[in-house]
Amino acid sequence: MSQLTHHRIGSRFPRHSRIVAAKEMLPEDYFNTLFKFAIVRNPWDLQVSSYHHIKRERPHIMKGHDSFEHFMMWKFAPDRPYQYHIDTSLQLQTDYLIDLKGNMLTDFVGRYERLELDFATICQTLSLPEISLPHKRKAADRTTYHKYYTPTLVDLVERHFAQDISLLGYQFE
Numbered sequence: 001m002s003q004l005t006h007h008r009i010g011s012r013f014p015r016h017s018r019i020v021a022a023k024e025m026l027p028e029d030y031f032n033t034l035f036k037f038a039i040v041r042n043p044w045d046l047q048v049s050s051y052h053h054i055k056r057e058r059p060h061i062m063k064g065h066d067s068f069e070h071f072m073m074w075k076f077a078p079d080r081p082y083q084y085h086i087d088t089s090l091q092l093q094t095d096y097l098i099d100l101k102g103n104m105l106t107d108f109v110g111r112y113e114r115l116e117l118d119f120a121t122i123c124q125t126l127s128l129p130e131i132s133l134p135h136k137r138k139a140a141d142r143t144t145y146h147k148y149y150t151p152t153l154v155d156l157v158e159r160h161f162a163q164d165i166s167l168l169g170y171q172f173e
C-alpha cells in the first residue's frame, strides 16, 4: 500500500504490524487523522488456504501429514513446538485491529471474500486510483473450504477463533 501512497506517511512499520503499534508510535492527533483499514478472512477458509500454501511453499513441513484433517489436528495441538509458518495463521486477526482494551481501532474492515469491492472502497476513500488486484499463488487443487471440514474440525476452528468469529461476524456457512 505504501507504494500507492508514495510513502506519504513517512514511517515504515514491520509487515503485518498490529494497529496498536502504530497508535503507540505515532502522535495521537496524527494517528486519529489516518484512515485505518484491514482485510480479514473467514477463519475456516484461512486454514484451508494455509494448508495449501504450506503444501506448496514448505512441503517439508507436511511430511507425515497426509490429509487436511491430520494436518489440522497437528497444527492445533497445544504441545506442538512453535513454527513460524504454521503459527502465523493461528493468530487471531482481531488482535491486529484492536487496542489493549479490546476497542476496534480500524475505520474500515474489508473482507477477503469480497476483496475487489472492498479494495475499491479503500482506494476511493484514500483518493487513490482503482487498481485491479492480481491473484498470485492461487492453489490449483483447492475447492470450497466447506469440503475440507468434518464437524470436529469446524468446532476446532470455531473455538480457537471465537473472538474473530464474534467481532467480525463470521460463521461456517
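Note that our numbering has the sequence shown beginning at 1, numbered continuously upward.
Cβ coordinates follow ideal geometry from the N, Cα and C atoms, glycine included.
The Cβ-Cβ distance between K36 and T106 falls below 7 Å. Assignment of I131 by DSSP, reduced to helix, strand and coil, places it in the coil class. Distance from the CA of W44 to the CA of I19, rounded to the nearest whole angstrom, comes to 23 Å. Counting along the chain, no alpha helix (DSSP H) covers R111; the unbroken beta strand (DSSP E) around it starts and ends at F108 to R111.
In this structure, Y145 sits near V48, with a CB-CB distance shorter than 7 Å.
Rounded to the nearest whole angstrom, the CA to CA distance from F31 to Q171 is 32 Å. For A22, the uninterrupted alpha helix (DSSP H) run begins and ends at I19 to M25, by DSSP.
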